[in-house]
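I have placed the structure first, in the form of structure tokens, so that the comments after it can refer back to it.
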Amino acid sequence: MQEDLKHSLNEFIQFTQSLKGDERSEAQTFLDHFFRALGHDGVIEAGATFEFRVAKKPGSPQLELIKGNGAKPKGGKKFADLLWPDRVLIEMKSRGENLEKHYDQAFDYWTYIVPKRPPFVILCNFDEFWIYDFNTQLFDPVDRIKTAELPENISSFNFLFPIWKKPIFGNNWVDVTRRAADQMATVFREIVDRGEDRERAQRFILQLLVALVAEDIGLLPEQLVSELLHECADEGASSYDLIGGLFRQMATKQTAPAGRYKSVQHFNGGLFEIVEPIELKSAEAYRLCESAAEDWSKVRPEIFGTLFQDSMDKRERHAYGGHFTSEFDIRKVVGPTIVRPWRERIEVADKNVGELRKALAELRRFRVLDPACGSGNFLFIAYREMKRLERDILLRLREVSKREPLESAISLHQFFGIDIIPLAVELAKVTLMLAKELEFIEAQKLAETDQLLIEEKPLPLDNLDKNIICADALFTEWPKAHAIIGNPPYLGSRFLAQEYGYDYARKVYARFPEVAKMADLCTHWFRLAHDALPEGGRAGLVGTNTVRQGETREASLDYIVANGGTITEAVSSEVWSGEAAVHVSIVNWIKGKQDGAKRLMTQLGDHAESPWKVEEVSRIGPSLSSATDVTAASPLEANLKPKRCFQGQNPVNDGFFLSSSEASEMIRSAPRNCEVIFPYMIGRDLVENYGPTRWIIDFAQRDQFEARSYEVPWRHVEQNVMHEVVARAEREKHETGKQKTRWSRMAERWWQFRDYMPGTMSAIAELPRYIMSPRVTKRPIFEFISSRIHPDGATMVFPFADDYSFGILQSGIHFHWFRAKCSTLKADFRYTSDTVFDTFSWPQKPTRAQIKAVANAAVALRALRRETMQKLNCSLRNLYRTLEQPGDNPLRDAHARLDAAVRAAYGMPATADPLAFLLELNVACAAKEKTGEKITPPGLPLPPKDHADFVTEDCIQPPKI
């Protein structure tokens, strides 16, 4: 098989030598023969498409991909040479073309291919293939293969074979960086473990990092660092002397007149101002020798810092398993906030020398700030992108005038960062220093082509002590900047005191009194960024995906839009590459107006590989949704008084819970114990078991003497609850310095099981049944529950016993409102009473016949669910998963009949947008309430004497014990 493949490839190579290498006339022939050499019957037969049409709007880099007879493109047409969905995008250029010039075109095409964006991009000029994996390595190809060398390097093209195999690339920077970070972090831990000062060890490792990179990119004599380390490891030489001597020379302006450090240049840059060498143990020196053997020119500084910081204190998780933010994700901020506005300006300037010179001068004054810079990865990408922009302007000027100087002047001193962690600050400085060194290498590569560029000298390193500072960004004046970027910390409000202490939490609340205490920590960066921007300035920040919801949205995006900001591009929700199982939103905005289409992206799933939806909209609202913006909906008094939406109960700890056998034994020992022992139902019980699986001791509001009369349950709670509650109360008093705290109040009545929302149990006490739904869910499923069963705090409780109310809540109309108004937990939706239920307008003037139709449809839906679950022996969750599949479905039909009945009750036309209709109704109802007029509240809108006709008996019953 391998011999056949080699033979086919050699025939292909021989064929290519007969081609002129003209992109227009020979690209398709070249690619078709290439695919045949790989074992396909041809390009089309493999499933790929030639000339995949791309429409580009004039004056804008926004792309719209259109295939076949799709929608009419706006503006000029572009064509991707070959697209194989989920496999590869290939752009062909004529023989002799410098492929580096066409990087931006290929990247732009690839960015906008959704939902089947291919993992790989190939640039080819007939003689060479450059393979890109933009998900892991943004600027540099993961491999460069000459056409003549295909047989020896075919494993790099494994992803193109008829049966896909994992490719093996020769220029994978990520793997090299992971190994390097792991080795350096291990040595750091070993040095600290044997008693070395932590700060001194950090400085030594960072100095060594710079030296290793400098050695492999030619800024230090060849193999100098490697030889020194080998002498320490193999010959027992002193690293204190050898490595210390190197670092001292790197810190010295005057070149050594003789000796082994004679050719060492002056590095300085702040990093080498203090040289405190460390005497390495033999094993440590050997490990560093192994590390020095890596190709440090391929180590990516922007992820090295993250991996090193992540693994240096975690023996159980090395850098191999660490998470870092991908360059592509960072570009979702840097692109819209920095690159695209400048790119558009350069395109408009075209070859106008005056405009190009003006743009160049302003670019060299353009300042970028990351107020939560971490190890500097966002600043690194911004620096390299601004270098590319400068290069583009310089080359355009050179095309017009050969006398135009090609000297680079973008400086690291245009970049600023703030972080509260000292090590992160030092890593950020090193990351940017290395970025400058890597740009020097890039300039050397370009010097070999027609893109001669005079790069600023890489040495001495810049001193960035005044640019990257260690401080708390929430209490520090920010440097002035034209663009603010970054990924500020996100932390739920209830964890603020837990993570940073009560004193710090109080300090934050005092600093931002106008921000609700329930808002996420990241909101403060959004507000401060907008306030710090000049008019026309731009920002792009990553935040928790709750930044588009509730009080977190009000404190951040609502504030930005209300204060002259325009959201220009956003990711509503995506699985973040920087940390496992975290879902984020990305928001780019300008302080001022910006007309034209805006780009809104949403990842449709829970995995990094999940597909995307990309939309062009005229406006992106604070909710980051293309649907009707319902953020303006007001809570309705009729929904609040009396309260009709609750969360279930929340135990202080697990000591209140009982197994079925324990509950049975307690009730058998004293039948009156059934007055305080109840079945307890969580959301999973509803959708998976269709009944409760646990029991709970609930003394309700009984005082201690009453509760003690239930001897066995009391003893169980006393043994399993009391000590923990009292201990937590004492701990909280000590931490806060207050005598009255949340836990001290609970300790006063430690035997009582509490409501998340006071009134839950009293609201359902007189009802034969109530409605329950899991609080966190992709689609809320409602069911009637016997009032004998107690609801868990992770469920929503609606004290209605009638079928009409059930029908309204289970309808698609309510589901639309829920999706638009809920908060989220990762990728799941979370029902929040204040945003969802309190603003949800119920039908205002339904007739009795319409009410009956809704009730009947609701009864029929529940009957179908029960019968189908029994027949198929499946859970409620699995039953609803069938709605995700196409084809006829009785459950889908039952929901459609219910939705039609609910629409009729609202007077909502079949073609009406539910959100627009409900928002208009909410506004009208709120206006009526302001004038004192009554509106129809939630629940059955009939006199009490008629309620019995709308209350059936089906519900989940308590289990028998």
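Note that the working numbering gives residue 1242 to position 781 of the sequence shown, counting from 1, and the numbers run on in steps of one.
Beta carbons: idealized from backbone N, C-alpha and C, even for Gly.
Being a predicted model, the structure only gives us computed values, none of them experimental.
Within the model, the alpha-carbon separation for A1188 versus K1194 is close to 10 Å. By the beta-carbon neighbour count (other beta carbons within 10 angstroms, threshold 16), T892 is buried.
Residue pairing by DSSP places D880 opposite C931 in a beta bridge. Within the DSSP secondary-structure output, T510 pairs in a beta bridge with L544.
V795 places its beta carbon less than 8 Å from that of F839.
Of the residues T798, S758, D880 and G953, the one whose Cα lies closest to the Cα of A934 is D880. For C585, the secondary structure class from DSSP, reduced to helix, strand or coil, is strand. In this chain, the beta strand (DSSP E) harbouring M553 covers V549 to M553. For V1178 and F1267, the gap between their C-alpha atoms comes out near 36 Å. Collapsing the DSSP output to three states places G1004 in a strand. Residue burial annotation: P1370 is exposed, with fewer than 16 other C-beta atoms found within 10 angstroms of its C-beta. The distance from the Cβ of R1129 to that of I1274 is about 48 Å, inconsistent with a contact at the 8 Å cut-off. Within the model, the alpha-carbon separation for G1109 versus T1256 is close to 6 Å. Linking W571 to E865 through their CA atoms gives a straight-line distance of about 34 Å. If you look at I842, you'll find it in the alpha helix (DSSP H) that goes N838 to V861.
Looking at the DSSP output, W591 shares a beta bridge with L584 and R605. Between N813 and the set G835, V861, W986 and L830, the nearest pair of CA atoms involves V861.
Put simply, of K626, F476, F473 and K554 the residue whose alpha carbon is nearest the alpha carbon of R548 is K626. Beta-bridge pairing by DSSP links E737 to no other residue. DSSP places Y1141 inside the beta strand (DSSP E), whose first and last residues are I1138 to M1142. Cα atoms of A1226 and T937: separation of roughly 53 Å, rounded to the nearest angstrom. Assignment of beta-bridge partners to M1233 by DSSP yields E1244 and V1258. At least 8 Å separates the beta-carbon of T1300 from that of A977. Taken through DSSP and simplified to helix, strand or coil, V575 comes out as coil. Within 10 angstroms of the beta-carbon of K607 lie fewer than 16 other beta-carbons, which makes it exposed.
Residue pairing by DSSP places S486 in no beta bridge whatsoever.
Annotation: R801 to P602 spans about 22 Å, alpha carbon to alpha carbon. Counting only runs that start and end inside the stretch 618 to 668, the alpha helix (DSSP H) elements of at least 4 residues fall at 634 to 654.
For the pair S1294 and E1196, the Cα-to-Cα distance works out to about 32 Å.
Taking one beta carbon from each stretch, the stretch 1153 to 1160 and the stretch 1136 to 1144 have 3 or more pairs nearer than 8 Å; the two touch. Nearest Cα to C1106 within the set L707, L1270, N586 and V969: L1270.
In this structure, DSSP gives V1048 an extended state, which the three-state scheme calls strand. Annotation for M1062: the continuous beta strand (DSSP E) segment containing it runs K1059 to Q1064.
The C-beta distance from I592 to D604 rounds to 5 Å, short enough to meet the 8 Å contact threshold. When rounded, the separation of the alpha-carbon atoms in E1126 and N1134 is 10 Å. Cβ neighbours of A1281 within its own chain (closer than 8 Å, five residues either side excluded): S1084, S1086, A1088, T1089, V1091 and L1376.
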